[in-house]
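J.:
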Amino acid sequence: SQTIHQWPATLVQPVGSPLSLECTVEGTSNPNLYWYRQAAGRGLQLLFYSVGIGQISSEVPQNLSASRPQDRQFILSSKKLLLSDSGFYLCAWRESGSGANVLTFGAGSRLTVL
Amino acid sequence: GESVGLHLPTLSVQEGDNSIINCAYSNSASDYFIWYKQESGKGPQFIIDIRSNMDKRQGQRVTVLLNKTVKHLSLQIAATQPGDSAVYFCAEGHRSSNTGKLIFGQGTTLQVKP
């Protein structure tokens, strides 16, 4: 069966510090991968998605970047965090190709920037 | 811009009653819709989905209704239980899309009173 892992689960960082959130998927090959952000009491905003190694699409301009160094690894990064980067970050995956688009989410990483 | 939105931010129901959570979408090209449940501090979990060629789909204690004429989606939960307390999101997508992106609404908080 497929599983998705995110870490760290919680993170408190000062403004201006770097960020690295990691996501890995097991039990599947060439998945589509996604990073969403959820502000407090709000919905999910799609930040990045990837349909293959090294292929990253950005949905909104921001202070963050994403990378996919391996087939089942998706990393969210920042060189210098802003207060507005605080939020709940969710990684998700689905089988590649077209069809029913059920995304499976990880447990999330809660980032607080102080 | 196009968006998926929810009519009510909070819904409070008595245990055992039926719950109805509504969602409006604006992208008439969307042909696939999903409901997710998110418990506090966790990632969203898939509940049920529906394709645009259907008006109704039933699961275990849940029913999703789709009205394409008015671009409206609803989730009905029968005999609501305390464990149903969570935030519910609707999401829209395109089955033919290779990217598998989903656009989420803002969410409705369901509170179940004992």
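Keeping their order, the protein sequence lines are chains A and B. Counting with the working numbering, you get residues 1 to 114 for the letters of the first sequence. Counting with the working numbering, you get residues 1001 to 1114 for the letters of the second sequence. Here a beta-carbon is modelled for each residue, glycine too, at the ideal position from N, C-alpha and C. None of the values given here were measured: they were computed from a predicted structure.
1. Give me the chain B residues within the contact set of A:N30, using Cβ-Cβ distance strictly less than 8 Å, ordered along the chain.
2. Residues in its own chain within less than 6 Å of A:V12 by CB, not counting five upstream and five downstream?
3. Please state the DSSP three-state secondary structure of A:L83.
4. Strictly by DSSP, which residues pair up with B:E1015?
5. Are there 16 or more other CB atoms within 10 angstroms of the CB of A:Q6, so buried, or fewer, so exposed?
6. What first and last residue would you give for the beta strand (DSSP E) that runs through A:N32?
7. Does B:D1049 come out as helix, strand or coil in the three-state DSSP assignment?
8. Quick check on B:G1041: does DSSP put it in helix, strand or coil?
9. With 9 Å as the C-beta to C-beta threshold (strictly closer), list the residues of the stretch 48–66 of chain A near chain B in chain order.
10. Can you tell me whether B:G1107 is helix, strand or coil according to DSSP?
11. Per DSSP, which residues does B:T1063 bridge with? Please list them.
12. Hey, does B:I1034 have any beta-carbon neighbour from chain A nearer than 9 Å?
13. Shorter than 9 Å from the beta carbon of B:G1001 to some beta carbon of chain A?
14. Just to confirm my understanding: we take A:K79, look at its own chain, exclude 5 residues before and 5 after, and list those with CB closer than 7 Å. What are they?
15. Determine the chain A residues that contact B:I1107 at a beta-carbon separation under 7 Å, and present them in chain order.
16. Does any residue of chain B bring its CB to less than 9 Å from the CB of A:T104?
T.: On the basis of the coordinates in this document:
1. Mapped onto the first sequence, residue 30 of chain A falls at position 30. Near A:N30 there are no residues of chain B at all, since even the closest Cβ is about 12 Å away, more than 8 Å.
2. Start at 1 with the first residue of the first sequence, and residue 12 of chain A comes out as number 12. Excluding sequence neighbours, A:V12 sits near T112.
3. Locating residue 83 of chain A in the first sequence gives position 83, where the first residue counts as 1. The answer is helix: DSSP assigns A:L83 an H, G or I state.
4. Position 15 of the second sequence, counted from the first residue, corresponds to residue 1015 of chain B. Looking at the DSSP output, B:E1015 bridges to nothing.
5. Locating residue 6 of chain A in the first sequence gives position 6, counting from the first residue. Label assigned to A:Q6: buried.
6. Residue numbering aside, residue 32 of chain A sits at position 32 when the first sequence is read from its first letter. Counting along the chain, the beta strand (DSSP E) containing A:N32 begins and ends at N32 to Q38.
7. By one-based count along the second sequence, residue 1049 of chain B stands at place 49. Annotated three-state conformation of B:D1049 is strand, per DSSP.
8. Here the question's residue 1041 of chain B lines up with position 41 in the second sequence. In this structure, B:G1041 counts as coil in the three-state DSSP scheme.
9. Under the 9 Å Cβ criterion, the stretch 48–66 of chain A contributes Y49, V51, S57 and E59.
10. For the purposes of this step, residue 1107 of chain B is taken as residue 107 along the second sequence, with counting starting at 1. Collapsing the DSSP output to three states places B:G1107 in coil.
11. Locating residue 1063 of chain B in the second sequence gives position 63, where the first residue counts as 1. Residue pairing by DSSP places B:T1063 opposite B:Q1058 and B:Q1076 in a beta bridge.
12. Along the second sequence, one-based indexing puts residue 1034 of chain B at 34. Residue contact check for B:I1034 against chain A: a CB pair falls below 9 Å.
13. On the second sequence, residue 1001 of chain B is found 1 positions in, with the first residue counted as 1. Summary for B:G1001: the model assigns pLDDT 33, below 50, so the residue's position carries little reliability; its value from the coordinates is reported in the next sentence. No, no contact with chain A.
14. Along the first sequence, one-based indexing puts residue 79 of chain A at 79. Closer than 7 Å at the Cβ level, and outside the excluded window around A:K79, lie P18.
15. Translated into the one-based positions of the second sequence, residue 1107 of chain B becomes position 107. This sequence places Gly at residue 1107 of chain B; Ile is not what is there. Neighbours of B:G1107 on chain A, chain order: G43.
16. For the purposes of this step, residue 104 of chain A is identified with residue 104 of the first sequence, where counting begins at 1. Yes, A:T104 lies at the interface with chain B (some Cβ there is under 9 Å from its Cβ).
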